Structure formats: C-alpha cells, structure tokens
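Colleague:
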Amino acid sequence: MPLSRLSSPFLSGTNRVTLQMLQLLLALVPAVIAIVYFFGPSVLITMSLAIVVALLAEALMLKLRDRPLKPFLTDGSAIVTAALLAIALPPLAPWWLVVIGVLFAIIFAKHLYGGLGYNPFNPAMIAYVVLLISFPLEMTTWLPVTTLSEHPLDFSSAFQVIFTGQPGGSLTIDALSGATPLDAMKTQIGLLQIPSDIVNQPLFGLFGGKGWEWINILFGIGGLYLIYRRVISWHIPVAMMIGLTIISSITWILSPETTGSPLFHLLSGGTMLGAFFIATDPITAATTIKGRLVFGAGVGLLTYIIRIWGGYPDGIAFAVILMNMLVPLIDYYTQPKVYGAK
Amino acid sequence: MNSIYSPIIRDGLWKNNPALVQLLGLCPLLAVSNTVINGLGLGLATILTLVASNGLVSLLRQHIPDEARLPVFVLIIASIVTIIELSMNAWFHELYLILGIFIPLIVTNCAITGRAEAFASRNPVGPALVDGFMMGLGFTAVLVLLGAMRELIGMGTLFSEAHLMFGAAAKNLTIVVFDDYRGFLLALLPPGAFIGLGLIVALKNVIDARQKTASAETVVAVADPVAS
Numbered sequence: 007m008p009l010s011r012l013s014s015p016f017l018s019g020t021n022r023v024t025l026q027m028l029q030l031l032l033a034l035v036p037a038v039i040a041i042v043y044f045f046g047p048s049v050l051i052t053m054s055l056a057i058v059v060a061l062l063a064e065a066l067m068l069k070l071r072d073r074p075l076k077p078f079l080t081d082g083s084a085i086v087t088a089a090l091l092a093i094a095l096p097p098l099a100p101w102w103l104v105v106i107g108v109l110f111a112i113i114f115a116k117h118l119y120g121g122l123g124y125n126p127f128n129p130a131m132i133a134y135v136v137l138l139i140s141f142p143l144e145m146t147t148w149l150p151v152t153t154l155s156e157h158p159l160d161f162s163s164a165f166q167v168i169f170t171g172q173p174g175g176s177l178t179i180d181a182l183s184g185a186t187p188l189d190a191m192k193t194q195i196g197l198l199q200i201p202s203d204i205v206n207q208p209l210f211g212l213f214g215g216k217g218w219e220w221i222n223i224l225f226g227i228g229g230l231y232l233i234y235r236r237v238i239s240w241h242i243p244v245a246m247m248i249g250l251t252i253i254s255s256i257t258w259i260l261s262p263e264t265t266g267s268p269l270f271h272l273l274s275g276g277t278m279l280g281a282f283f284i285a286t287d288p289i290t291a292a293t294t295i296k297g298r299l300v301f302g303a304g305v306g307l308l309t310y311i312i313r314i315w316g317g318y319p320d321g322i323a324f325a326v327i328l329m330n331m332l333v334p335l336i337d338y339y340t341q342p343k344v345y346g347a348k
Numbered sequence: 428m429n430s431i432y433s434p435i436i437r438d439g440l441w442k443n444n445p446a447l448v449q450l451l452g453l454c455p456l457l458a459v460s461n462t463v464i465n466g467l468g469l470g471l472a473t474i475l476t477l478v479a480s481n482g483l484v485s486l487l488r489q490h491i492p493d494e495a496r497l498p499v500f501v502l503i504i505a506s507i508v509t510i511i512e513l514s515m516n517a518w519f520h521e522l523y524l525i526l527g528i529f530i531p532l533i534v535t536n537c538a539i540t541g542r543a544e545a546f547a548s549r550n551p552v553g554p555a556l557v558d559g560f561m562m563g564l565g566f567t568a569v570l571v572l573l574g575a576m577r578e579l580i581g582m583g584t585l586f587s588e589a590h591l592m593f594g595a596a597a598k599n600l601t602i603v604v605f606d607d608y609r610g611f612l613l614a615l616l617p618p619g620a621f622i623g624l625g626l627i628v629a630l631k632n633v634i635d636a637r638q639k640t641a642s643a644e645t646v647v648a649v650a651d652p653v654a655s
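Residue numbers (this note's numbering), protein chains in the order written: chain A, 7 to 348; chain B, 428 to 655.
#1: Which whole-angstrom value is the C-beta distance of residue 266 of chain A and residue 306 of chain A, which I expect to be below 8 Å?
#2: Quick one: residues in its chain with C-beta nearer than 8 Å to the C-beta of residue 327 of chain A, no 5 flanking neighbours on either side, listed in chain order?
#3: By alpha-carbon positions, which one of A:303, A:325 and A:189 ends up nearest to residue 244 of chain A?
#4: In the DSSP assignment, the alpha helix (DSSP H) including residue 170 of chain A goes from what residue to what residue?
#5: So, for residue 280 of chain A: in the same chain, excluding its five sequence neighbours on each side, which residues have a beta-carbon less than 6 Å away from its beta-carbon?
#6: Which term fits residue 635 of chain B, buried or exposed, when burial requires 16 or more other beta carbons within 10 angstroms of its beta carbon?
#7: Just to make sure I have the definition right: I need the residues of chain A whose C-beta is within less than 7 Å of the C-beta of residue 611 of chain B. Which are they?
#8: Would DSSP call residue 210 of chain A helix, strand or coil?
#9: Using a Cβ-Cβ cut-off of 8 Å, state whether residue 573 of chain B counts as contacting chain A.
#10: Could you please tell me which residues of the stretch 484 to 505 of chain B, in chain order, have their CB closer than 9 Å to any CB of chain A?
#11: Counting only runs that start and end within the stretch 15 to 49 of chain A, where is the alpha helix (DSSP H) found for 4 or more residues in a row?
#12: Just checking: is the beta-carbon of residue 136 of chain A within a distance shorter than 8 Å of some beta-carbon in chain B?
#13: To which residues does DSSP link residue 101 of chain A through a beta bridge?
#14: Assuming residue 285 of chain A and residue 242 of chain A are in contact, meaning their beta carbons sit under 8 Å apart, how far apart are those beta carbons, in whole angstroms?
#15: Could you say which of A:98, A:119 and A:49 lies nearest to residue 148 of chain A if we only look at CA atoms?
#16: Does the stretch 257 to 266 of chain A touch the stretch 55 to 63 of chain A, meaning 3 or more C-beta pairs lie closer than 8 Å?
#17: With distances taken from CA atoms, which of A:142, A:68 and A:139 is nearest residue 113 of chain A?
#18: So the candidates are B:442, B:546 and B:447; which of them puts its Cα closest to the Cα of residue 629 of chain B?
#19: So is residue 562 of chain B buried or exposed if we call it buried at 16+ other beta carbons inside 10 Å?
#20: Less than 8 Å between the beta carbons of residue 539 of chain B and residue 480 of chain B, yes or no?
#21: Using DSSP bridges, identify the partner residues of residue 584 of chain B.
#22: Can you find a CB in chain A that lies within less than 8 Å of the CB of residue 653 of chain B?
#23: Can you give me the Cβ contacts of residue 598 of chain B inside the same chain, cut-off strictly under 8 Å, excluding the 5 residues immediately before and after it?
#24: Just curious, the alpha helix (DSSP H) that residue 271 of chain A is in, first and last residue?
#25: For residue 148 of chain A, does the three-state DSSP call read helix, strand or coil?
#26: For residue 452 of chain B, name the three-state secondary structure that DSSP assigns.
#27: Alpha carbon to alpha carbon, how far is residue 55 of chain A from residue 89 of chain A? Give it in angstroms, no decimals.
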C-alpha cells in the first residue's frame, strides 16, 4: 500500500479574503436594516449603484493593469469598499456623487497604489473625504429620522431624489432635509445652549441622536460578531472607544456646559461604524498588537478633536486617514521582541 | 548650428523637462496652476527670469569665483526677479495681486538655480540663452496644461479672467465648457495639483515607454534583412 505523502498545510479553506469580506458584509446587515427603518430605503439604492460601479471600475483597472479578473473580482473587497461608502453617504446623495466617490476609491485610492493589499489609505474614507471637501452642500444634506419627518421617504421618492435631484410632488430637498444630532449639538452649543437641555429636544434619543444610537448599537453588535468570528481583533475598536471616551470625559467633566457627554459621542455619527468596520481594515491599519492599540486610540482622539474644533460634521474619515499615514511609523516603533532577543 | 541647439531644445521641452523629469520648482508649479491664466502668467515670468539669469551667469562665468558661485547666482536671480516683479506690478497689477507671493518666490525656484549651476556656468552665452528659454518653455507648458486640467475639472471653464493678462478686450476669451457645472472643488484645492501633476508625469512616462518599444521594433526590423 503506497503511503500517501502529505505535508502541511492540512487545512485548505476557501479563499480567506472572500470569506472575511462576506462575513463583514453579513455583519453590516442589522445596522443597514436599522438605517432603512430610520432614514428610508435610499441606502439600498445607493449601495446597489455603488457596488455595480465598483465592480465595473475594478474590472477596468484590472484589465488595464494586466491582472487576472476572476480572483480579484470575486474577492469581495471592491464590494465592501462600495458598501461602506454607501453607508457613510447621506441618504439624499445624488447618483453622480456615488459614482464619483466609488470611482475615486477604486481607481485612485486602491489601484494606483497597487491594488488590494498595497493601498496605504482606506479607499472608502478617501472617497468620502474627496466628496466632502468637493461637494460640501450635497455631503451634509441629511434627513431627519423617519419618525420625526413630516414626509418620510418611500422607495419611489428616494429613487427620484437620487436620480433626478427632485423628490417628486411639491416637495423640495430643503423641505426633506434636517440637521444631524452632531450638527445640532455643535450649532446650539455655539448659540450658548447647554448640552443637558439640548439633548431633551426631539432630535435626540436616550443616549445619543434619535435613531443614530440604535444604528450605532447595531453596528457594535455586528462588530462583536466579527470579533467572535476572528475577522477583526478587539484591539483597534476597544482602543478607539477608550481614546474617544477619555478625551470626551475630560472635556465633559471640565466644562459640561459646552460639550456633549461621552456616551453621546460614542453613539452618534459614525463612531461604531468607524470603530469596528473602518479603522479595523487589515490593509491600512497598524499590524502589531501594541501598534493597533496606539492606532485605535489615535483615531478616537482625532475623531473627537475634529468633531469639536473642526469645521466638518464628523471626524471619523479624517481621523482614520491621518492615522493611516502614521501606520508605518507606529509599526516600526512597536515591533514585538523576538523570543530570546535582548 | 542646428546640431548644437537641437539637443538643448529637446532637453528643455521633453527629455529633461524641469517640471516632469527634474521635478524642480514644484512649489510654484503646484500652488498657482489652478487656472490657465495663472499658470501662463507665472510661466512667462519664469521664462523671462530663466533667460535673463542664464544669460548673465554665462556672461559672468569667468569672473565668478567657484567657491562663492551659489550666492552670486542667487544675487543675480534675485535682482532679475525684483525687476520682473516691479514691472508686473506696474503693467499687470491685478494678475500680480493674484500671483502674489509666488512672483518673489521665483527666486527660490530651484529650476532656475539648477540651470545656472548645471548649464549656464559651463556654456557660452548663446546655448545658455537657448537653454533658459527652452527650459522655461517646458515649465510653462506643464503649468498651462495642469492649469487647464484643474480649471476644466474644477470650474468647467477655460481661460477665465483672461482680461487680467490681455486687457479688457480678452474678456470674451473665457470658454464655458460645461454649462451649469457644479464644480469639482478637489481639482482646485492642493490635492488636485498633486494628482494632476502625477497623471501628467505618468502620461509622459507611458509615451516614452511606447516610443522605446516602437524604436526597438524598427531596429529589429532593420536589422533582420542584414542578418538574413
């Protein structure tokens, strides 16, 4: 009987990248359902459009770069980039905004740097920042949550807004849109209101912004699933939340009349999405254990600083990109000691 | 005659283009290339400076002590730039206001010191003048191209505010390429300059690579009948 000669590795799975990307998409589902509930179905339209454009752009770039199409198109990374960008975009974002953002993410932020695994910056966040500084009006036109809106958006009017810029009927975009809780907090603090009064307004919920808090909690639950399935490690999200909590607690204790509570900041804007799904990107985040803690804490600190003292509504995207720049430095100084080395 | 100058011309315009190959003078190049007219204005000022400084350095090259050459070059360039700055202030006042600090900063444009050091201080006046003019022309071409790209993508127009340079009659020169264009602000902001210049450099490298393979093929095709 001939001996079957086997050598390691004995476990051969499916493509790990594909599997990880699929689990990441799965973990987004509960929060996306919440977004549909609170902000109407436009995120689904935006996401479908973004994924189609992302796959086309990916195919085009792979062809131009003489790379095989199938393994890279089916690895799901372009779909994840498109999905994350679509979630980050405001619900009334017109179609051309989505197309420009996705093209920028895939062509400039990903393939010009060498494709999957070589991009130093998170493509979805680069696209978000490009859109934010180029089209500030469109990028800051948010809807109030459905329960507060006089005109909740149904599927056909969402479709009309995205593709024609008009919600149909006698409505205008200005009639539909409203401030986000983070925006409202900032402007009203500017008007010398006190945060403990501001949060009693209907725009705010139990802990953070109404609706936003549940979306954030569901992103957090999706993130815990990712940690459980070992798609991401706990270091970056935990460090980021601790960083954000520490700096917001300090300012909140020192001057409660001019800053929101730490819990408000943890459950507003894109905090949880950023902590679990964006800052943890295995390509652009730090790779050493200590480095991940530094990276996460840096994202948390910068997010708060940009939210409070910056001119833009949320700071996640800028914070992640700034920390991406520091990743080589962080990794260099946090190399673990080799066992036995002095 | 032609044989002396043609490599200088080719160097300045293409092979050794200060902006695309030497990557010199990027500070003004990136900062003022947000419209065609701004680019053209700074480009012309740079051409004048380059021709004048190359000519003067070449004339004085026997008298400049080697040890002190750089301070002398800077003095010569600074005097020329001051003359140009004052003239622009007098004749193109509005353009001068827009280009602002970048006119005096031509002094620190390393392309100019670089040509004085690398070419003018080692060559007679004729070639030095041609070199200055051609390098300046190459620099201006990139400035105008980059300005056109950024203006077109950023504002959807070309030659806006042409009257700053060509007088009131040139107001109609402005071409509105896209009507009702929202403007892609990124192209006008600093990142747009870096991305645009990167794309132009990439384009030049692609053209060079294509020409290389094409000329290699002709060499093979010519060599073949000899071999057979």
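Glycine included, each C-beta is placed from N, C-alpha and C at the ideal position.
Predicted model only: the values in this text are computed from it and were never measured.
Modeller: So, from the listed chains and residues:
#1: Approximately 15 Å separates the beta-carbon atoms of residue 266 of chain A and residue 306 of chain A; this is outside 8 Å, ruling out the contact.
#2: 127, 128, 131, 132 and 135, listed in sequence order.
#3: Comparing Cα positions, the closest option is A:303.
#4: That run of the alpha helix (DSSP H) goes 161 to 170.
#5: Result list for residue 280 of chain A: 322, in chain order.
#6: Around the beta carbon of residue 635 of chain B, a 10 Å sphere encloses fewer than 16 other beta carbons of the protein chains shown; the residue is thus reported as exposed.
#7: Counting only Cβ-Cβ distances below 7 Å, residue 611 of chain B has contacts in chain A at 140, in chain order.
#8: In this structure, residue 210 of chain A counts as strand in the three-state DSSP scheme.
#9: So no, residue 573 of chain B is outside the interface.
#10: Against chain A - using a Cβ distance shorter than 9 Å - the stretch 484 to 505 of chain B contributes no residues.
#11: At a cut-off of 4 residues, the continuous stretches assigned as alpha helix (DSSP H) that sit fully inside the stretch 15 to 49 of chain A are 22 to 45.
#12: Yes, contact with chain B.
#13: DSSP, once it has assigned bridges, lists no residue as partnering residue 101 of chain A.
#14: About 5 Å separates the two Cβ atoms, so the contact holds.
#15: With distances taken between Cα atoms, residue 148 of chain A lies closest to A:98.
#16: Two segments are said to touch when three or more pairs of C-beta atoms, one from each, lie closer than 8 Å; by this definition the stretch 55 to 63 of chain A does not touch the stretch 257 to 266 of chain A.
#17: Measuring from the Cα of residue 113 of chain A, the nearest candidate turns out to be A:68.
#18: Cα-wise, what sits closest to residue 629 of chain B is B:447.
#19: Counting every other CB atom within 10 Å of its CB across the protein chains shown gives residue 562 of chain B a total of 16 or more, marking it as buried.
#20: Yes, Cβ-Cβ distance for residue 539 of chain B and residue 480 of chain B is below 8 Å.
#21: The bridge partners DSSP lists for residue 584 of chain B are B:603.
#22: Only weak support exists for where residue 653 of chain B lies, its pLDDT of 48 falling under 50; the value from the coordinates is given anyway. For residue 653 of chain B, the closest Cβ of chain A is not nearer than 8 Å.
#23: A distance below 8 Å between beta-carbons, with the five flanking residues on each side excluded, links residue 598 of chain B to the following residues of its chain, in chain order: 589 and 590.
#24: Element bounds for residue 271 of chain A: 268 to 272.
#25: Reduced to three states, the DSSP call for residue 148 of chain A is strand.
#26: Note: residue 452 of chain B maps to coil in three-state DSSP.
#27: Rounded to the nearest angstrom, the gap between the Cα atoms of residue 89 of chain A and residue 55 of chain A is 10 Å.
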